[in-house]
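Peer 1:
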Amino acid sequence: MQRTDVTFPSGTDLCAAWLYRPSGLEGAAPIVVMAHGLGLIKEAGLAPYAERFVEAGFAVLVFDYRGFGGSGGKPRQWLDIKRQLTDWRSAIAYAAELEGIDPSRIALFGTSFSGGHVIRTAAADTRVAAAIAQCPFTSGPSSTTTIGVKGLVKLVPSILHDAVLGRFGRARGVALAGSPGDGALMNAADVVPGYFGIIPPGAEFDDHVDGRIALHVPFNIPGRAAKDVKVPILFGICDNDTVAPAGPTLRYAKQAPKGEIKRYPVGHFEVYVGEPFEVAAADYVDFLTRHLG
Numbered sequence: 003m004q005r006t007d008v009t010f011p012s013g014t015d016l017c018a019a020w021l022y023r024p025s026g027l028e029g030a031a032p033i034v035v036m037a038h039g040l041g042l043i044k045e046a047g048l049a050p051y052a053e054r055f056v057e058a059g060f061a062v063l064v065f066d067y068r069g070f071g072g073s074g075g076k077p078r079q080w081l082d083i084k085r086q087l088t089d090w091r092s093a094i095a096y097a098a099e100l101e102g103i104d105p106s107r108i109a110l111f112g113t114s115f116s117g118g119h120v121i122r123t124a125a126a127d128t129r130v131a132a133a134i135a136q137c138p139f140t141s142g143p144s145s146t147t148t149i150g151v152k153g154l155v156k157l158v159p160s161i162l163h164d165a166v167l168g169r170f171g172r173a174r175g176v177a178l179a180g181s182p183g184d185g186a187l188m189n190a191a192d193v194v195p196g197y198f199g200i201i202p203p204g205a206e207f208d209d210h211v212d213g214r215i216a217l218h219v220p221f222n223i224p225g226r227a228a229k230d231v232k233v234p235i236l237f238g239i240c241d242n243d244t245v246a247p248a249g250p251t252l253r254y255a256k257q258a259p260k261g262e263i264k265r266y267p268v269g270h271f272e273v274y275v276g277e278p279f280e281v282a283a284a285d286y287v288d289f290l291t292r293h294l295g
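First residue of the sequence shown: 3, per this note's numbering; consecutive thereafter.
(1) Quick one: measure Cβ to Cβ for Ser144 and Pro267, integer angstroms, because I've assumed they're closer than 8 Å.
(2) Which residues does DSSP list as the beta-bridge partners of Ser12?
(3) What's the call for His218, buried or exposed, on a 16-neighbour Cβ count within 10 Å?
(4) Are the beta-carbon atoms belonging to Leu42 and Ile134 less than 9 Å from one another?
(5) Please report the residue range of the beta strand (DSSP E) in which Glu2 lies.
(6) Identify the continuous beta strand (DSSP E) that holds Lys232 and give its terminal residues.
(7) Between the alpha carbons of Pro195 and Thr113, how many angstroms are there, rounded?
(8) Measuring only the C-alpha atoms, how far is Gly238 from Val245?
(9) Cα-Cα, which of Asn242, Ile200, Val273 and Gly29 is closest to Lys107?
(10) Considering Cα atoms alone, identify which of Ala95, Pro77 and His38 is closest to Phe10.
(11) Is the region 164 to 182 close to the region 204 to 215, with three or more CB pairs under 8 Å?
(12) Measuring straight from C-alpha to C-alpha, what distance separates Arg54 and His163?
(13) Which whole-angstrom value describes the C-beta separation of Ala58 and Leu290, a residue pair presumed to lie in contact below a C-beta threshold of 8 Å?
(14) Check Ala177 in the structure and name its three-state DSSP category.
(15) Return yes when the Cβ of Gly225 is within less than 9 Å of the Cβ of Ile103, no when it is not.
(16) Do Lys156 and Gly117 have their C-beta atoms within less than 9 Å of each other?
(17) Among Leu167, Leu40 and Ala52, which has the Cα closest to the Cα of Asp82?
(18) Determine the direct distance from the alpha carbon of Thr147 to that of Gly313, and round the result to whole angstroms.
(19) Just verifying my parser: in three-state terms, what is the DSSP assignment at Ala58?
(20) Alpha carbon to alpha carbon, how far is Phe115 from Glu99? Give it in angstroms, no decimals.
(21) Within 10 angstroms of the Cβ of Lys44, are there 16 or more other Cβ atoms? Answer buried if so, exposed if not.
(22) For Leu48, collect the residues of the same chain with a Cβ closer than 7 Å to its Cβ; drop the 5 residues on either side in sequence, then sort them by chain order.
(23) So, using beta-carbon positions, are Phe279 and Val287 closer together than 9 Å?
(24) Cα separation between Ala61 and Ala52?
(25) Is it the case that the Cβ atoms of Lys229 and Tyr254 are separated by a distance below 9 Å?
(26) What are the complete beta strand (DSSP E) segments, minimum 3 residues, inside the region 251 to 284?
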């Protein structure tokens, strides 16, 4: 297994990525393109999944969005949905041109907020042959209600501040993760231990994002695109999800013409570690092997 640091262009900037290649494979390899969820970086729990995919014979490209992690782009910590969708398209274009990669066998893997991006991208981009949406964000209204009235009230001042001054580089930011009642974009009881638990010690990470994203999340409903995904797509749904509620995701997943559903009796962040990870990773490898192997 080889992992190298690479970059690829997106817009006027460069996205930082890891490129994994399987050892001893004859011929062109299929590739899985991966990115993380709300404000997270590639170092936060994606490597174990990537390594399982590589062991099964897949190349993997894991990237950071512009403005986050090792990628270029300003303003930093600006989470813009359209910009992130462009980054997905740019990553696919880069993967398709790599030497030793079969451009007809490109799969996507998105988790949490990027699970929604994967649904949208798989529905619109004909270069995609299969997709995995893990604990995906599918319904902005449903996820917004998990914050609670107290948390939303605390968020309002920072959101309004960033809505006015963020475009001038003066955003104060809003917290990504907090405890129940905190003014954070995620504040269920399992968020703080789960979210920060997947960030490795020493990683350069900012747990705040430009508050302008909070004006868009309630109206972002990527699950609606599931019905338009014509390729095989696997929905890995966490039944006890306190961030991206399982109910809406199940409804949307059933609308995908070639959709498959795997349900896990765990919370949003548990699927990255321990036995839940082992079970999910095995399911994902099976799915990829059946459709891209």
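C-beta: ideal position from N, C-alpha, C; glycine also. Remember, it's a predicted structure, so these values are computed and weren't measured experimentally.
Peer 2: On the basis of the supplied data:
(1) With a Cβ gap of about 20 Å, Ser144 and Pro267 do not count as contacting.
(2) In DSSP, Ser12 forms a bridge with Asp15.
(3) Around the beta carbon of His218, a 10 Å sphere encloses fewer than 16 other beta carbons of the protein chains shown; the residue is thus reported as exposed.
(4) At the C-beta level, Leu42 and Ile134 stay beyond 9 Å of one another.
(5) Lying before the first or after the last residue shown, residue 2 is absent from the chain, which here runs from 3 to 295.
(6) Unbroken run through Lys232: none, as it is neither H nor E.
(7) Pro195 and Thr113 have their alpha carbons spaced roughly 18 Å apart.
(8) Within the model, the alpha-carbon separation for Gly238 versus Val245 is close to 14 Å.
(9) Looking at the sequence provided, one finds Arg at residue 107 rather than Lys. Of the candidates Asn242, Ile200, Val273 and Gly29, the residue whose Cα lies closest to the Cα of Arg107 is Gly29.
(10) Checking every option, the nearest Cα to that of Phe10 belongs to Ala95.
(11) These segments touch.
(12) Between the alpha carbons of Arg54 and His163 lies a gap of roughly 43 Å.
(13) Taking C-beta atoms under 8 Å as the contact rule, Ala58 and Leu290 qualify, at a distance of about 7 Å.
(14) Three-state result, Ala177: strand.
(15) Contact: no.
(16) Going by C-beta atoms, Lys156 is not nearer than 9 Å to Gly117.
(17) For Asp82, the closest of Leu167, Leu40 and Ala52 by C-alpha to C-alpha distance is Leu40.
(18) Because the chain in this structure spans residues 3 to 295, residue 313 falls outside the shown range and cannot be described.
(19) Three-state result, Ala58: coil.
(20) Rounded to whole angstroms, Glu99 to Phe115 spans 27 Å at the Cα level.
(21) Buried, since its Cβ has 16 or more Cβ neighbours within 10 Å.
(22) Hits under 7 Å: Met36, His38 and Val64.
(23) With a cutoff of 9 Å on beta-carbon distance, Phe279 and Val287 are scored as not near each other.
(24) Their backbone Cα atoms lie some 9 Å apart in a straight line.
(25) Yes, they are a contact pair.
(26) Taken in chain order, the complete beta strand (DSSP E) segments of 3 residues or longer contained in the region 251 to 284 are 261 to 266.
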